[in-house]
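Asks:
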Amino acid sequence: MTQFADLGLAEVLLRALEREGYVSPTPIQARAIPPLLQGRDLLGIAQTGTGKTAAFALPILHRLVSARRRPAPHSVRALVLAPTRELAAQIAESFRAYGRFAGVSVGVVVGGVAHGPQIKALAGGLDVLVATPGRLLDHLASRHLRLDAAEVIVLDEADHMLDLGFLPPIRQIVARLPNNRQNLFFSATMPKEIAGLAAAMLRDPVEVSVTPGAPVAERVDQRVFFVDGAAKRDLLVELLADPAFARALVFTRTKRGADRVAQHLERAGVGSAAIHGNKSQSQRQQALEGFRRGRTRVLVATDIAARGIDVDGVTHVVNFELPETPEAYVHRIGRTARAGAGGAAISLCDNSERPLLRAIEKLTRQSLAVIDRRSAGSPHEDATRRPLQQQRRAPERSGQDAVMRIKSLAKARAGKSFTGRPTLRPQREVERCATSVTHPAL
Ligand code: AMP
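Numbering (numbering that gives the first Met the number 0), first residue to last: 0 to 441.
Shown next as structure tokens:
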């Protein structure tokens with residue numbers, strides 16, 4: 000198995016990795032780090048949970064320490080764009096952890112907090128800046144930041160950026176970067192707009208695709224309750240009374256909906272917290288921390304707030320409302336099947352949501368097991384209680400097969416290859432990432 004030392008990373012980084020307890024690189028790290036150290040552009044098709052943050056942070060830190068130079072005032076050497084504040088904070092934490100012996104400066108620029116400290120941090124220049132697009136544009140417009148000296152840019156979770164309407168700001172930001180730069184582009188899925196953006200940004204990229212051992216949709220036991228909208232809250236309380244729901248993530252479509260559900264749960268004696276875009280940064284962090292540490296058993300979230308958040312051990316995802324897009328459904332249920340694990344996802348579907356359910360079944364190529372709540376009988380059935388091993392119905396597919404399915408899906412959408420170019424590059428690597436087997440640390 001490849002070791003970090005074999006990849007040619009600087010000694011100060013190897014020491015930090017040892018401190019982190021990382022023994023060997025994950026598949027995406029082993030594939031992506033060598034070409035990135037050579038200065039190549041990268042297109043990474045990977046979800047969180049694969050180790051992708053270290054896959055880009057380590058080569059960037061290596062570059063910064065190998066050619067040390069003080070960043071000019073109001074300038075940055077490496078820029079990482081992330082869709083949410085939480086993800087930006089996590090990425091910055093990773094840079095700080097891996098760079099702890101490297102003496103690099105790392106800053107974060109996100110919305111929802113005061114401008115002042117950010118302006119102060121930017122004034123001296125930074126080695127690494129992790130930012131969400133909106134606030135970054137503010138600082139560019141007010142000239143507290145310039146990007147003409149940036150050497151590397153990372154676009155993380157590009158598909159999520161698209162969902163959030165960040166493509167126009169990203170184009171504006173990219174237009175401010177110098178031509179001579181290294182581009183790293185990560186996305187879990189490749190809708191047409193993202194393939195187009197990747198093609199515009201990347202030059203001769205190495206493509207690394209890492210998928211979990213089996214598609215998420217096949218590792219998660221999925222059930223749907225047909226239930227009237229008005230009865231959903233009570234059904235939710237009933238479901239959550241089951242202690243098997245040890246760490247449950249409940250999704251609503253709107254921020255108000257999230258608050259209402261959390262309030263209802265509180266009234267019913269189910270400890271919960273809500274997380275969404277109207278909450279302050281510290282409220283969100285507090286809610287997340289409580290959930291991560293097991294103090295809060297139920298976290299109610301909107302899609303936007305929940306994506307990219309690194310919480311392991313989620314036992315159940317409950318779709319209180321079905322999402323607007325089937326892709327969002329796959330992202331949601333992926334929260335309970337991290338790092339090759341299984342999990343359970345329960346959707347509460349009223350009549351008006353049936354078309355959304357059909358779209359989900361079409362995308363995942365599965366029909367969900369139905370529990371009809373409107374007819375008599377126990378709502379539980381035993382669906383959520385049986386061990387997951389017994390519940391799994393879908394046949395295992397080979398990793399290659401899974402990759403091909405994702406690729407053909409993306410191609411069908413984009414009408415072209417991932418890079419928007421007709422041929423696949425010989426350097427392209429497709430790796431089955433059975434993380435639970437090949438990488439017990441994940
Ligand atoms: P990411 O996909 O970047 O969100 O990483 C998922 C989790 O894996 C994070 O908690 C990382 O700290 C952890 N991780 C990343 N690389 C390794 C590694 N090589 N060995 C052990 N843990 C890792």
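Just so you know, even glycine gets a beta-carbon here, dropped at the ideal spot from N, CA and C.
Compare the C-alpha of valine 109 against each of Ala120, Arg364, Ala15 and name the closest.
Replies: Nearest option by C-alpha distance: Ala120.
Asks: How is proline 439 classed by DSSP in three states: helix, strand or coil?
Replies: Note on proline 439: pLDDT 39, under 50, position unreliable in the model; the coordinate value appears next. Three-state result, proline 439: coil.
Asks: Apart from the five residues just before and just after serine 104, which ones in its own chain have a Cβ nearer than 6 Å to its Cβ?
Replies: Cβ within range, chain order: Leu125, Asp126.
Asks: Hey, isoleucine 152 and leucine 78 are a contact pair by Cβ (cut 8 Å); roughly how many whole angstroms apart?
Replies: Right, their Cβ atoms sit about 5 Å apart.
Asks: Taking the alpha-carbon of glycine 133 as reference, which of Arg364, Asp147, Gly111 has the nearest alpha-carbon?
Replies: Closest option to glycine 133, Cα to Cα, is Gly111.
Asks: Apply the 10 Å Cβ neighbour rule to aspartate 155 and answer buried if 16 or more other Cβ atoms are within range, or exposed otherwise.
Replies: Looking at its Cβ environment, which holds 16 or more other Cβ atoms inside 10 Å, aspartate 155 is buried.
Asks: Any heavy atom of the ligand AMP within a distance shorter than 7 Å of the CB on glycine 333?
Replies: No, the beta carbon of glycine 333 sits no closer than 7 Å to any heavy atom of the ligand AMP.
Asks: In whole angstroms, what separates the C-alpha of leucine 144 from that of aspartate 311?
Replies: Approximately 36 Å, taken between the alpha carbons.
Asks: Write down every uninterrupted run of the alpha helix (DSSP H) in the segment 6-68 whose length is 4 residues or greater and which is fully enclosed by it, in chain order.
Replies: Those alpha helix (DSSP H) runs which fall completely within the segment 6-68 and span 4+ residues are 10-19, 26-36, 51-65.
Asks: What number of angstroms, rounded off, separates the C-alpha of arginine 180 from the C-alpha of histidine 61?
Replies: Approximately 16 Å between the Cα atoms of the pair.
Asks: Just list the alpha helix (DSSP H) runs in the segment 185-234, keeping only unbroken ones of 4 residues or longer that don't cross its boundaries, in chain order.
Replies: Qualifying alpha helix (DSSP H) stretches, in chain order: 191-200, 215-218.
Asks: Please look up how many angstroms separate the CB atoms of serine 271 and leucine 298, rounded, as I've assumed it's under 8 Å.
Replies: The Cβ separation is near 7 Å, so the contact holds.
Asks: If you follow the beta strand (DSSP E) that arginine 76 is part of, which residue opens it and which one closes it?
Replies: 75-80 is the span of the beta strand (DSSP E), which, as asked, contains arginine 76.
Asks: Using the Cβ count rule (16 or more neighbours within 10 Å means buried), how would you classify serine 65?
Replies: Exposed.
Asks: Per DSSP, which residues does phenylalanine 250 bridge with? Please list them.
Replies: Per DSSP, Ala300, Asn318.
Asks: For asparagine 182, list the residues DSSP reports as bridge partners.
Replies: BP columns for asparagine 182 point to Ile152.
Asks: Only counting the same chain, and skipping five residues up and downstream in sequence, which positions put a Cβ closer than 7 Å to that of glutamine 171?
Replies: These residues qualify, in order along the chain: Leu136.
Asks: Which one or two residues does DSSP pair with serine 346 in a beta bridge?
Replies: According to DSSP, which records beta bridges pairwise, serine 346 is partnered with Val223, Asn318.
Asks: Buried or exposed: aspartate 158, going by 16 or more other Cβ atoms within 10 Å of its Cβ?
Replies: Buried is the call here.
Asks: Give the range of the alpha helix (DSSP H) segment to which alanine 174 is assigned.
Replies: Here the alpha helix (DSSP H) through alanine 174 covers 166-174.
Asks: Given a threshold of 16 other Cβ atoms within 10 Å of its Cβ, counted over all protein chains shown, does glycine 7 qualify as buried or as exposed?
Replies: Result: exposed.
Asks: Counting pairs of beta carbons, one from the segment 81-93 and one from the segment 42-59, are three or more of them closer than 8 Å?
Replies: Touching, per the Cβ criterion.
Asks: Report yes or no: do three or more beta-carbon pairs, one from the segment 261-278 and one from the segment 230-249, lie closer than 8 Å?
Replies: With the cut-off at 8 Å, the segment 261-278 and the segment 230-249 touch.
Asks: Under a Cβ-count criterion, where at least 16 other Cβ atoms within 10 Å of its own Cβ denotes burial, should serine 208 be classed as buried or exposed?
Replies: Burial call: buried.
Asks: Serine 279 by DSSP, collapsed to three states: which one?
Replies: Coil, per DSSP.
Asks: Taking the alpha-carbon of alanine 449 as reference, which of Arg84, His73, Gly106 has the nearest alpha-carbon?
Replies: Because the chain is modelled from 0 through 441, residue 449 falls outside the range shown and cannot be assessed.
Asks: May I ask you to check if the CB of threonine 1 is nearer than 7 Å to at least one heavy atom of the ligand AMP?
Replies: No, the ligand AMP has no heavy atom inside 7 Å of this Cβ.
Asks: How many Å lie between glycine 289 and isoleucine 274 at the Cα?
Replies: Taking the straight line joining both Cα atoms gives about 11 Å.
Asks: Could you check if glutamate 17 is buried or exposed, using at least 16 other CB atoms within 10 Å of its CB as the buried criterion?
Replies: Its Cβ having fewer than 16 others within 10 Å, glutamate 17 is exposed.
Asks: Return the residue from the list Val107, His114, Leu63, Gln117 that minimises the CA-CA distance to glycine 98.
Replies: Residue Leu63 is the option with its Cα nearest to glycine 98.
Asks: Is the closest heavy atom of the ligand AMP to the C-beta of glycine 43 under 7 Å?
Replies: Every heavy atom of the ligand AMP is 7 Å or more from the Cβ of glycine 43, so no.
Asks: Given a cut-off of 8 Å on the beta-carbon distance, is the pair valine 223 and methionine 200 in contact?
Replies: No; because the gap between Cβ atoms is not below 8 Å, this pair is not in contact.
Asks: Cα-Cα, which of Pro354, Lys278, Gly164 is closest to proline 325?
Replies: For the residues Pro354, Lys278, Gly164, the minimum Cα distance to proline 325 belongs to Pro354.
Asks: Going by the C-beta, is tyrosine 21 closer than 7 Å to any heavy atom of the ligand AMP?
Replies: Yes; taking the cut-off as 7 Å, the Cβ of tyrosine 21 has a heavy atom of the ligand AMP nearer than that.
Asks: Are glutamate 85 and leucine 347 touching if we call contact CB-CB under 8 Å?
Replies: Cβ distance not < 8 Å, so glutamate 85 and leucine 347 don't count as in contact.
Asks: Give the straight-line distance between the Cα atoms of threonine 251 and lysine 231, rounded to the nearest whole angstrom.
Replies: Cα-Cα distance, rounded: 11 Å.
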